[in-house]
Amino acid sequence: MHLALMEASGVIEQGGPIVWIQLVLALMGCIFILERLFFFHRARVNVADLLIGLGNHVKKLSFAEARHEAARAPGPVARVAHAVLLRVDLPRSDLRDIAQEAGQLEVPRLERNVRAILGVALLAPLMGMLGTILGLIDVFQKMNERGGFAGPAELSGGVFQSLITTAMGMVISVVMYLFYLYFLGRARRLMHRLERAGIETVNMVCDALREHERELQVKKAQEAKS
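Quick note on numbering: the sequence shown equals residues 25 to 250 in my numbering.
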(Lines of atoms letter the chains of each structure in order from A; the text may use other names.)
(Lines give C-alpha, C1' and ligand atoms only; values in the text may rest on other atoms or scores of the structure.)
Protein backbone atom coordinates (compact mmCIF):
# COMPACT_ATOMS: atom_id res chain seq x y z
CA MET A 25 0.00 0.00 0.00
CA HIS A 26 2.77 2.39 0.97
CA LEU A 27 4.71 1.49 -2.18
CA ALA A 28 1.65 2.14 -4.33
CA LEU A 29 1.18 5.55 -2.72
CA MET A 30 4.82 6.42 -3.35
CA GLU A 31 4.51 5.38 -7.00
CA ALA A 32 1.32 7.42 -7.39
CA SER A 33 2.94 10.50 -5.85
CA GLY A 34 5.92 10.04 -8.15
CA VAL A 35 3.67 9.90 -11.20
CA ILE A 36 1.88 13.05 -10.07
CA GLU A 37 5.16 14.89 -9.56
CA GLN A 38 6.42 13.87 -12.99
CA GLY A 39 3.13 14.93 -14.56
CA GLY A 40 3.76 18.52 -13.58
CA PRO A 41 1.31 21.24 -12.49
CA ILE A 42 -1.33 20.19 -15.03
CA VAL A 43 -1.87 16.94 -13.13
CA TRP A 44 -2.65 18.89 -9.98
CA ILE A 45 -5.23 20.93 -11.87
CA GLN A 46 -6.76 17.70 -13.16
CA LEU A 47 -6.88 16.31 -9.63
CA VAL A 48 -8.71 19.43 -8.46
CA LEU A 49 -11.20 18.98 -11.31
CA ALA A 50 -11.66 15.34 -10.34
CA LEU A 51 -12.25 16.32 -6.70
CA MET A 52 -14.83 18.91 -7.73
CA GLY A 53 -16.54 16.34 -9.94
CA CYS A 54 -16.68 13.86 -7.06
CA ILE A 55 -18.29 16.49 -4.83
CA PHE A 56 -20.92 17.22 -7.51
CA ILE A 57 -21.57 13.50 -7.95
CA LEU A 58 -22.04 12.91 -4.21
CA GLU A 59 -24.43 15.86 -4.00
CA ARG A 60 -26.54 14.51 -6.88
CA LEU A 61 -26.56 10.99 -5.45
CA PHE A 62 -27.82 12.33 -2.14
CA PHE A 63 -30.45 14.50 -3.88
CA PHE A 64 -31.88 11.70 -6.03
CA HIS A 65 -31.85 9.33 -3.06
CA ARG A 66 -34.01 11.78 -1.10
CA ALA A 67 -36.21 12.41 -4.14
CA ARG A 68 -36.92 8.71 -4.57
CA VAL A 69 -40.57 8.19 -3.70
CA ASN A 70 -43.22 5.81 -4.95
CA VAL A 71 -45.53 8.11 -6.91
CA ALA A 72 -48.38 5.59 -6.96
CA ASP A 73 -48.31 5.12 -3.18
CA LEU A 74 -48.12 8.87 -2.61
CA LEU A 75 -51.10 9.55 -4.88
CA ILE A 76 -53.12 6.75 -3.29
CA GLY A 77 -52.48 8.20 0.16
CA LEU A 78 -53.42 11.70 -0.98
CA GLY A 79 -56.46 10.36 -2.83
CA ASN A 80 -57.84 8.78 0.34
CA HIS A 81 -57.86 12.20 2.01
CA VAL A 82 -59.09 14.09 -1.05
CA LYS A 83 -62.09 11.78 -1.52
CA LYS A 84 -63.18 12.70 2.01
CA LEU A 85 -62.50 16.38 1.22
CA SER A 86 -59.88 16.30 3.99
CA PHE A 87 -57.61 18.70 2.16
CA ALA A 88 -55.76 19.76 5.31
CA GLU A 89 -54.70 16.17 5.95
CA ALA A 90 -53.75 15.75 2.29
CA ARG A 91 -51.62 18.89 2.42
CA HIS A 92 -49.97 17.68 5.61
CA GLU A 93 -49.12 14.32 4.05
CA ALA A 94 -47.74 15.97 0.90
CA ALA A 95 -45.67 18.43 2.94
CA ARG A 96 -44.27 15.60 5.05
CA ALA A 97 -43.22 13.50 2.05
CA PRO A 98 -39.73 14.27 0.64
CA GLY A 99 -38.90 15.09 -2.94
CA PRO A 100 -40.13 17.28 -5.80
CA VAL A 101 -43.14 15.08 -6.64
CA ALA A 102 -44.67 15.73 -3.23
CA ARG A 103 -43.97 19.46 -3.56
CA VAL A 104 -45.87 19.63 -6.85
CA ALA A 105 -48.85 17.82 -5.31
CA HIS A 106 -48.68 20.12 -2.29
CA ALA A 107 -48.77 23.21 -4.53
CA VAL A 108 -51.99 21.97 -6.14
CA LEU A 109 -53.59 21.08 -2.80
CA LEU A 110 -52.97 24.60 -1.51
CA ARG A 111 -55.41 26.04 -4.07
CA VAL A 112 -58.21 23.52 -4.32
CA ASP A 113 -60.76 26.34 -4.60
CA LEU A 114 -59.59 27.20 -8.13
CA PRO A 115 -61.02 25.75 -11.37
CA ARG A 116 -59.35 22.86 -13.20
CA SER A 117 -57.55 25.06 -15.75
CA ASP A 118 -55.96 27.18 -13.02
CA LEU A 119 -54.96 24.09 -11.06
CA ARG A 120 -53.26 22.71 -14.16
CA ASP A 121 -51.32 25.96 -14.51
CA ILE A 122 -50.27 25.74 -10.86
CA ALA A 123 -49.09 22.15 -11.33
CA GLN A 124 -47.12 23.13 -14.44
CA GLU A 125 -45.52 26.13 -12.73
CA ALA A 126 -44.63 24.04 -9.67
CA GLY A 127 -43.00 21.46 -11.94
CA GLN A 128 -41.02 24.14 -13.75
CA LEU A 129 -39.75 25.45 -10.42
CA GLU A 130 -38.36 22.00 -9.67
CA VAL A 131 -36.37 21.79 -12.94
CA PRO A 132 -33.39 23.87 -11.68
CA ARG A 133 -33.18 21.62 -8.61
CA LEU A 134 -33.18 18.52 -10.81
CA GLU A 135 -30.48 19.87 -13.13
CA ARG A 136 -28.31 21.41 -10.41
CA ASN A 137 -24.63 20.40 -10.74
CA VAL A 138 -25.44 18.07 -13.67
CA ARG A 139 -23.99 20.56 -16.14
CA ALA A 140 -21.07 21.11 -13.77
CA ILE A 141 -20.27 17.39 -14.04
CA LEU A 142 -20.39 17.73 -17.83
CA GLY A 143 -18.06 20.72 -17.54
CA VAL A 144 -15.52 18.63 -15.64
CA ALA A 145 -15.83 15.89 -18.27
CA LEU A 146 -15.05 18.42 -21.01
CA LEU A 147 -12.29 20.31 -19.21
CA ALA A 148 -10.27 17.31 -18.03
CA PRO A 149 -9.16 16.11 -21.51
CA LEU A 150 -8.51 19.70 -22.59
CA MET A 151 -6.16 20.07 -19.64
CA GLY A 152 -4.60 16.77 -20.71
CA MET A 153 -3.99 18.20 -24.19
CA LEU A 154 -2.44 21.28 -22.62
CA GLY A 155 -0.16 19.05 -20.57
CA THR A 156 0.79 17.18 -23.74
CA ILE A 157 1.70 20.42 -25.49
CA LEU A 158 3.73 21.62 -22.51
CA GLY A 159 5.53 18.27 -22.38
CA LEU A 160 6.41 18.46 -26.08
CA ILE A 161 7.59 22.05 -25.64
CA ASP A 162 9.89 20.80 -22.88
CA VAL A 163 11.22 18.09 -25.21
CA PHE A 164 12.01 20.55 -28.00
CA GLN A 165 13.60 23.00 -25.58
CA LYS A 166 15.98 20.30 -24.38
CA MET A 167 16.79 19.36 -27.96
CA ASN A 168 17.44 23.01 -28.80
CA GLU A 169 19.73 23.42 -25.82
CA ARG A 170 21.83 20.51 -27.07
CA GLY A 171 22.03 21.64 -30.65
CA GLY A 172 19.19 19.48 -31.87
CA PHE A 173 20.45 16.27 -30.27
CA ALA A 174 19.29 14.72 -27.01
CA GLY A 175 19.35 11.21 -25.61
CA PRO A 176 16.33 9.15 -24.53
CA ALA A 177 16.95 9.80 -20.84
CA GLU A 178 16.90 13.55 -21.39
CA LEU A 179 13.70 13.44 -23.42
CA SER A 180 11.79 10.98 -21.24
CA GLY A 181 10.63 13.65 -18.77
CA GLY A 182 8.70 15.67 -21.33
CA VAL A 183 7.28 12.61 -23.08
CA PHE A 184 6.22 11.07 -19.76
CA GLN A 185 4.51 14.30 -18.73
CA SER A 186 2.60 14.30 -22.02
CA LEU A 187 1.42 10.72 -21.54
CA ILE A 188 0.40 11.18 -17.90
CA THR A 189 -1.71 14.28 -18.45
CA THR A 190 -3.39 12.81 -21.53
CA ALA A 191 -4.23 9.52 -19.81
CA MET A 192 -5.48 11.17 -16.64
CA GLY A 193 -7.61 13.60 -18.62
CA MET A 194 -9.24 10.77 -20.55
CA VAL A 195 -9.93 8.71 -17.42
CA ILE A 196 -11.54 11.64 -15.60
CA SER A 197 -13.54 12.57 -18.69
CA VAL A 198 -14.96 9.07 -19.23
CA VAL A 199 -15.98 8.64 -15.58
CA MET A 200 -17.57 12.10 -15.34
CA TYR A 201 -19.42 11.75 -18.63
CA LEU A 202 -20.90 8.42 -17.58
CA PHE A 203 -22.18 10.00 -14.36
CA TYR A 204 -23.52 12.95 -16.39
CA LEU A 205 -25.56 10.61 -18.60
CA TYR A 206 -26.80 8.73 -15.53
CA PHE A 207 -27.96 11.86 -13.72
CA LEU A 208 -29.45 13.33 -16.89
CA GLY A 209 -31.54 10.20 -17.34
CA ARG A 210 -32.71 10.27 -13.74
CA ALA A 211 -33.62 13.95 -14.00
CA ARG A 212 -35.72 13.36 -17.12
CA ARG A 213 -37.52 10.42 -15.54
CA LEU A 214 -38.24 12.51 -12.48
CA MET A 215 -39.60 15.33 -14.67
CA HIS A 216 -42.01 12.84 -16.21
CA ARG A 217 -43.15 11.80 -12.73
CA LEU A 218 -43.67 15.45 -11.81
CA GLU A 219 -45.98 15.95 -14.78
CA ARG A 220 -47.87 12.77 -13.96
CA ALA A 221 -48.23 13.67 -10.28
CA GLY A 222 -49.43 17.18 -11.12
CA ILE A 223 -52.06 15.98 -13.61
CA GLU A 224 -53.33 13.19 -11.36
CA THR A 225 -53.53 15.48 -8.32
CA VAL A 226 -55.57 18.01 -10.31
CA ASN A 227 -57.89 15.27 -11.55
CA MET A 228 -58.21 13.88 -8.04
CA VAL A 229 -59.21 17.23 -6.55
CA CYS A 230 -61.63 18.16 -9.34
CA ASP A 231 -63.28 14.73 -9.36
CA ALA A 232 -63.73 14.78 -5.58
CA LEU A 233 -65.25 18.27 -5.64
CA ARG A 234 -67.53 17.37 -8.54
CA GLU A 235 -68.70 14.22 -6.79
CA HIS A 236 -69.34 16.21 -3.62
CA GLU A 237 -71.34 18.77 -5.60
CA ARG A 238 -73.37 16.02 -7.25
CA GLU A 239 -74.16 14.46 -3.88
CA LEU A 240 -75.32 17.84 -2.57
CA GLN A 241 -77.59 18.30 -5.58
CA VAL A 242 -79.07 14.82 -5.12
CA LYS A 243 -79.62 15.53 -1.44
CA LYS A 244 -81.32 18.84 -2.19
CA ALA A 245 -83.52 17.18 -4.80
CA GLN A 246 -84.57 14.52 -2.30
CA GLU A 247 -85.32 17.14 0.33
CA ALA A 248 -87.39 19.12 -2.17
CA LYS A 249 -89.47 16.04 -3.02
CA SER A 250 -90.08 15.30 0.62
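Virtual Cβ for every residue (Gly too), placed ideally from N, Cα, C.
Review point. Does the Cβ of residue 98 have 16 or more other Cβ atoms within 10 Å, making it buried, or fewer, making it exposed?
Key: exposed
Practice item. Please classify residue 244: does DSSP put it in a helix, a strand, or coil? Key: helix
Check your understanding: What are the start and end residues of each continuous alpha helix (DSSP H) run of 4 or more residues lying completely inside the segment 116-204, in chain order?
Key -> 116-135 and 138-169
Practice item. Thinking residue 130 and residue 104 are a contact (beta carbons under 8 Å), I'd like their distance in whole angstroms, please. Key: 7 Å
Check your understanding: By Cβ distance, which residues of its chain are closer than 8 Å to residue 71, with the 5 residues on each side in sequence left out?
Key -> 101, 217, 220 and 221
Point to revise | Terminal residues of the alpha helix (DSSP H) in which residue 80 lies | key: 71-83
Review point. Using the C-alpha atoms, what's the distance from residue 67 back to residue 113?
Key: 28 Å
Check your understanding: Is DSSP giving residue 27 helix, strand or coil here?
Key -> Note on residue 27: pLDDT 41, under 50, position unreliable in the model; no value is reported.
Exercise for review: Alpha carbon to alpha carbon, how far is residue 119 from residue 111? Give it in angstroms, no decimals.
Suggested key: 7 Å
Point to revise | Option in 211, 193 and 232 with minimal Cα separation from residue 127 | key: 211
Check your understanding: Would you call the CB atoms of residue 151 and residue 51 closer than 8 Å?
Key -> no
Exercise for review: Give a yes or no on whether the C-beta atoms belonging to residue 224 and residue 75 are separated by under 8 Å.
Suggested key: yes
Review point. Measuring CB to CB, does residue 123 end up less than 8 Å from residue 109?
Key: no
**Study point:** Cβ-Cβ distance between residue 200 and residue 79 below 8 Å
**Key:** no
Check your understanding: For residue 107, does the three-state DSSP call read helix, strand or coil?
Key -> helix
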